[in-house]
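A short worksheet on the structure shown next.
Number of protein chains: 4
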Amino acid sequence: MKNTAVLLITCPDRKGIVAAVAEFLYKHDANILHADQHQDAERGLFLMRVEWDLKGFALDPAEFPRRFSPLADRFEMRWRLERSDHPLRVALFVSKYDHCLMDLLYRHRTGELPCHVPLIVGNHPDAEKWGTFYNVPFHFIPTPPGAKDEFERKQLELLAAEKIDLVVMARYMQILSADFIRRYPHRIINVHHSFLPAFVGAKPYHRAFERGVKLIGATSHYATEDLDEGPIIEQDVVRISHRDGLEDLLEKGRDLEKVVLSRAVRWHIDHRILVYDRKTCIFD
Amino acid sequence: MKNTAVLLITCPDRKGIVAAVAEFLYKHDANILHADQHQDAERGLFLMRVEWDLKGFALDPAEFPRRFSPLADRFEMRWRLERSDHPLRVALFVSKYDHCLMDLLYRHRTGELPCHVPLIVGNHPDAEKWGTFYNVPFHFIPTPPGAKDEFERKQLELLAAEKIDLVVMARYMQILSADFIRRYPHRIINVHHSFLPAFVGAKPYHRAFERGVKLIGATSHYATEDLDEGPIIEQDVVRISHRDGLEDLLEKGRDLEKVVLSRAVRWHIDHRILVYDRKTCIFD
Amino acid sequence: MKNTAVLLITCPDRKGIVAAVAEFLYKHDANILHADQHQDAERGLFLMRVEWDLKGFALDPAEFPRRFSPLADRFEMRWRLERSDHPLRVALFVSKYDHCLMDLLYRHRTGELPCHVPLIVGNHPDAEKWGTFYNVPFHFIPTPPGAKDEFERKQLELLAAEKIDLVVMARYMQILSADFIRRYPHRIINVHHSFLPAFVGAKPYHRAFERGVKLIGATSHYATEDLDEGPIIEQDVVRISHRDGLEDLLEKGRDLEKVVLSRAVRWHIDHRILVYDRKTCIFD
Amino acid sequence: MKNTAVLLITCPDRKGIVAAVAEFLYKHDANILHADQHQDAERGLFLMRVEWDLKGFALDPAEFPRRFSPLADRFEMRWRLERSDHPLRVALFVSKYDHCLMDLLYRHRTGELPCHVPLIVGNHPDAEKWGTFYNVPFHFIPTPPGAKDEFERKQLELLAAEKIDLVVMARYMQILSADFIRRYPHRIINVHHSFLPAFVGAKPYHRAFERGVKLIGATSHYATEDLDEGPIIEQDVVRISHRDGLEDLLEKGRDLEKVVLSRAVRWHIDHRILVYDRKTCIFD
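Protein chains in written order, with the working numbering: chain A, 30 to 313; chain B, 30 to 313; chain C, 30 to 313; chain D, 30 to 313.
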């Protein structure tokens with residue numbers, strides 16, 4: 030297992046940032062494995078991700094904030110340090126359709142998704158078998174109409190108790206309250222079964238079928254208070270034709286959903302995503 | 030050059046249609062080269078395209094309508110017969126961006142687009158050089174605001190004089206009047222520089238850039254009175270990332286536009302498209 | 030569940046085939062749902078697939094062969110009749126990598142793959158858990174070097190006992206003997222983890238990595254005595270870059286393998302594939 | 030027009046490289062626009078591309094080598110400095126098929142390819158019209174069998190006279206001699222009409238058609254003495270089916286060839302490509 034640190038930085042763009050950061054890391058004997066940066070010229074914004082080996086790094090990670098602060102302050106950075114030996118704790122939310130859930134759990138088991146998955150939350154009992162199979166506690170929390178305050182409270186307690194870092198809505202078919210979302214800013218990933226911003230809202234496959242489009246898509250994005258308007262993380266499409274009925278669209282769509290959601294989760298837990306405004310910068 | 034006939038049929042779905050059509054053609058010694066059909070179960074609709082060699086066909090094409098009518102009436106068919114030796118007459122409309130125009134003219138010259146192109150209509154003078162190069166008459170018809178009645182009248186006169194079958198809006202940046210469109214039902218092909226129905230309307234690349242999508246698209250469709258709402262013929266997308274600026278989107282988009290527009294024209298002049306409701310059936 | 034018949038025909042191309050077949054079906058009150066055909070001009074070959082509703086069909090399927098034979102003989106047809114109420118019996122072979130196995134079993138359970146799966150054969154014990162989870166008998170048959178005669182005999186006995194129609198090599202990492210393959214002509218589907226014919230043979234991802242290709246692929250095909258040379262059913266690719274290490278290729282490749290293999294199985298059990306020479310015709 | 034410098038570096042990977050380079054640039058007031066790097070762990074290799082604005086840069090580019098040398102020597106760098114105000118001089122070679130030529134010339138005119146194109150060399154007279162249209166001198170140099178020494182000498186004289194930096198084989202259907210290639214190491218870009226390493230050699234579309242593949246591809250690569258074995262720059266594919274005849278493959282292939290060749294040229298003249306061993310690293 031790798032033992033690395035990832036530093037993520039956003040700050041106003043100006044000269045000398047890379048030199049300062051690289052010099053700081055070099056001074057403490059960092060062996061840089063990946064470094065990537067992006068300038069958003071329009072916004073005058075600088076974004077950076079740098080990953081280095083903790084083996085041989087001369088600075089105790091616990092000491093990092095204190096030592097890095099002067100530099101960060103000088104450049105007005107918003108920054109955070111992540112460590113591969115502190116993998117994120119991820120909760121999977123699911124309703125009746127379980128294809129994304131089973132896909133994520135399989136990828137987790139094969140090591141593709143290096144994170145902890147301490148719990149599954151479902152509002153249908155069917156998904157429990159996956160919890161059993163993969164040995165992940167499954168919590169059945171029904172979501173009757175009018176009781177959102179109550180069932181969200183239960184969900185939030187679970188998330189808090191398990192110190193969850195990331196909530197993945199693996200085709201969880203409930204709209205989260207604004208309060209819920211505010212507690213996990215850019216830490217809730219949803220998958221929408223259309224190529225956003227086309228077919229915002231309900232029943233996108235039905236509407237795609239009606240409209241006669243020649244490609245259907247799926248989109249993973251961070252959940253925000255504006256439904257289907259959060260920063261897009263990943264999108265993909267597949268070709269359809271007049272021969273495809275609604276059933277075929279649903280089937281082809283499932284494969285898209287699995288792919289775009291699992292990529293989004295992968296990039297999030299690898300700390301490859303920086304959000305600015307309504308956009309994401311994905312460092313590869 | 031091939032010498033074939035194409036029969037296109039739409040009718041209520043019921044038993045015996047294929048048998049009747051195939052029997053009719055066989056009786057007149059048709060050597061069928063391609064036959065394809067589609068049932069739209071939802072609408073109870075039957076759609077068919079059949080192409081045969083006119084060499085050895087025992088029926089004079091001029092006689093076809095009279096002979097085929099009884100069968101067509103029996104099944105309440107809407108049908109038409111097209112002949113490869115009567116290639117369509119296509120007018121190309123263009124404004125300032127000439128990438129689609131030059132692409133279509135090149136494909137026409139190489140034989141990819143078996144049709145006649147008797148005229149180019151432009152509201153900018155720049156495209157004239159392409160007319161000169163490819164030896165196609167170029168008509169410069171300015172489109173000042175408020176003068177739509179007048180300049181469309183000139184355009185329509187040209188189209189009538191040249192017996193135009195199909196108008197291709199090769200990035201022609203004017204909205205056609207309802208009257209113009211009604212004269213060429215499902216015979217005007219437009220290209221929209223987004224993955225419809227996303228980014229309907231103006232400046233789609235700018236809005237795609239603002240929204241932070243991860244794929245951009247282009248759509249070719251028949252022009253109808255509802256702008257950007259006509260039956261979709263073809264769509265394609267290309268991946269973009271946070272590194273792509275607006276300029277890059279425009280550049281990548283140009284390649285998409287060329288591809289989706291030229292495919293649509295190709296399929297139309299090959300008589301591969303049947304429109305029903307707002308959808309297209311593309312026989313391949 | 031649908032109740033349809035599928036007729037698959039290959040014969041020398043000549044006039045009147047469609048008329049004769051359509052007339053035959055119409056005479057017996059068939060409600061045709063799909064019909065598709067293909068002419069291979071080079072080989073003078075006609076290929077056809079027609080599917081109709083058995084509800085209302087006036088001919089007992091058991092009677093079909095006797096009644097259809099005169100017509101079939103007249104056109105020198107090779108043909109077969111398949112029925113959706115006689116779903117194929119499919120055996121899944123697996124070794125250590127279980128991503129294709131789990132994917133196929135999941136699709137089977139959701140109804141995407143309408144077939145019976147009476148057995149899994151594995152030469153590693155790991156896959157047993159999937160058999161247990163999906164309630165499919167798992168047979169562990171080790172494959173020690175030099176004992177191919179013996180373990181293939183056991184496998185073939187199982188296949189015979191369960192009346193298997195189709196063998197799917199879901200990343201089963203043994204080369205089947207010529208004798209085994211001859212018993213299931215065009216009834217064994219394999220997945221090769223490259224874009225054939227590139228990287229025929231062992232360790233394709235390693236060689237793709239070494240060669241510095243910009244796309245990697247996967248191929249599903251019928252197994253024949255010439256390794257990796259059988260008729261190709263489906264292929265797909267995914268983009269890679271210099272940033273992708275060998276591990277990334279393996280990971281991305283797994284998603285490709287799942288997709289191309291499951292599509293091939295789907296088309297085979299839907300009776301959509303006709304093989305001619307080394308090619309496949311996939312009726313959609 | 031932009032006025033930037035690009036520094037490209039390859040060296041053994043070790044600590045402190047980024048810090049040293051960034052510090053050097055910062056010291057001279059460089060406003061870095063893009064910086065990207067790659068570590069090839071297997072080969073212990075570090076590769077970097079950094080681009081900065083020359084406006085405000087305190088170091089005369091002519092002085093750069095002398096000042097940068099100590100740092101470069103310390104890290105054993107192979108490096109070069111490129112300037113956007115010294116665009117590359119590109120020669121286009123063509124035979125009979127002119128789709129790549131016309132595509133590159135069009136992109137050049139629209140500004141997509143910021144370079145000089147002082148000459149076209151053709152061994153068929155047909156392409157002259159493009160030279161005339163775009164006002165680029167066309168040199169007709171026939172290539173009779175057995176006379177390679179002689180006609181290559183003429184070609185090389187032209188290239189030398191025009192101080193050509195990059196030769197683009199835009200479907201130029203002659204094999205260059207080893208001597209020719211050695212004079213332009215990694216400065217000759219070729220397009221092969223298959224998805225290499227599939228269908229190395231002649232007539233790839235014919236062989237793809239025979240083999241029954243489901244996707245066809247095209248590959249742009251640097252020409253080396255081993256035919257079709259040079260470092261791959263870009264590849265792309267398009268789906269085909271049993272319905273596509275050889276003509277269709279050729280047609281679809283032309284679109285692929287245009288795309289992969291023009292991308293390769295674009296990246297080369299933007300100084301985005303670093304070659305190591307037989308691979309390319311494409312900085313985006």
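Just so you know, even glycine gets a beta-carbon here, dropped at the ideal spot from N, CA and C. Remember, predicted model here, so these are calculated numbers, not experimental data.
Following the continuous beta strand (DSSP E) through residue i, name the residue where it begins and the one where it ends.
| i | result |
| --- | --- |
| A:D69 | N60 to D69 |
| D:T33 | T33 to P41 |
| C:R78 | L74 to D82 |
| D:F167 | F167 to F169 |
Please classify residue i as buried or exposed, where buried requires at least 16 neighbouring CB atoms within 10 angstroms.
| i | result |
| --- | --- |
| D:G230 | exposed |
| B:D194 | buried |
| C:E276 | exposed |
| C:S291 | buried |
| A:I204 | exposed |
| C:E246 | As written in the sequence, residue 246 of chain C is Gly, which differs from the Glu given in the question. When all chains shown are included, C:G246 counts as buried. |
| A:G282 | buried |
| C:P226 | buried |
| A:P90 | exposed |
| A:K287 | buried |
| C:G151 | buried |
| A:D284 | buried |
Which residue comes first and which comes last in the alpha helix (DSSP H) that contains residue i?
| i | result |
| --- | --- |
| C:R200 | Neither: C:R200 is in no alpha helix (DSSP H) and is coded neither H nor E. |
| B:A51 | I46 to K56 |
| A:F312 | Where A:F312 is concerned, there is no enclosing alpha helix (DSSP H), given that its DSSP letter is neither H nor E. |
| B:V289 | L275 to I298 |
| A:D178 | K177 to A190 |
| B:R212 | A207 to R212 |
| D:G151 | That residue, D:G151, is in no alpha helix (DSSP H); its beta strand (DSSP E) goes H145 to G151. |
| A:E157 | E157 to Y163 |
Would you say residue i faces chain D, with C-beta separation under 9 Å as the test?
| i | result |
| --- | --- |
| A:L51 | Residue identity differs from the one stated: residue 51 of chain A is Ala in this sequence, not Leu. It does; some Cβ of chain D falls within 9 Å. |
| B:Y135 | yes |
| B:T139 | yes |
| A:L76 | no |
For residue i versus residue j, is the C-beta distance shorter than 9 Å?
| i | j | result |
| --- | --- | --- |
| C:P41 | C:F75 | yes |
| A:N32 | A:S113 | yes |
| C:G241 | D:R307 | yes |
| D:K243 | D:I269 | yes |
| D:L278 | D:R200 | no |
| B:I55 | C:A48 | The residue you asked about is not Ile; residue 55 of chain B is Tyr in the sequence shown. Yes. |
| D:H145 | D:V123 | no |
| D:A190 | D:S249 | no |
| A:D155 | A:K125 | yes |
| D:L121 | D:L133 | yes |
| B:I38 | B:W108 | yes |
Should residue i be flagged as near chain A, meaning a C-beta pair shorter than 9 Å?
| i | result |
| --- | --- |
| B:H67 | yes |
| C:E263 | no |
| D:I61 | yes |
| C:D313 | yes |
Beta-carbon of residue i versus every beta-carbon of chain B: anything under 9 Å?
| i | result |
| --- | --- |
| C:G45 | yes |
| D:K29 | No answer is possible for residue 29 of chain D: it lies beyond the span of chain D, which begins at 30 and ends at 313. |
| D:F162 | yes |
| D:E286 | no |
Could you check whether the Cβ of residue i sits closer than 9 Å to any Cβ belonging to chain C?
| i | result |
| --- | --- |
| B:D299 | no |
Problem - In chain order, each beta strand (DSSP E) run of at least 3 residues that lies wholly inside the stretch 215-260 of chain D - result: As far as the stretch 215-260 of chain D is concerned, its whole beta strand (DSSP E) runs of at least 3 residues are 217-221 and 244-251.
Exercise for the section: Please list the segments of the beta strand (DSSP E) lying wholly inside the stretch 97-130 of chain B, counting only runs of 3 or more residues, in order along the chain. Expected result: You should have 107-112 and 118-123.
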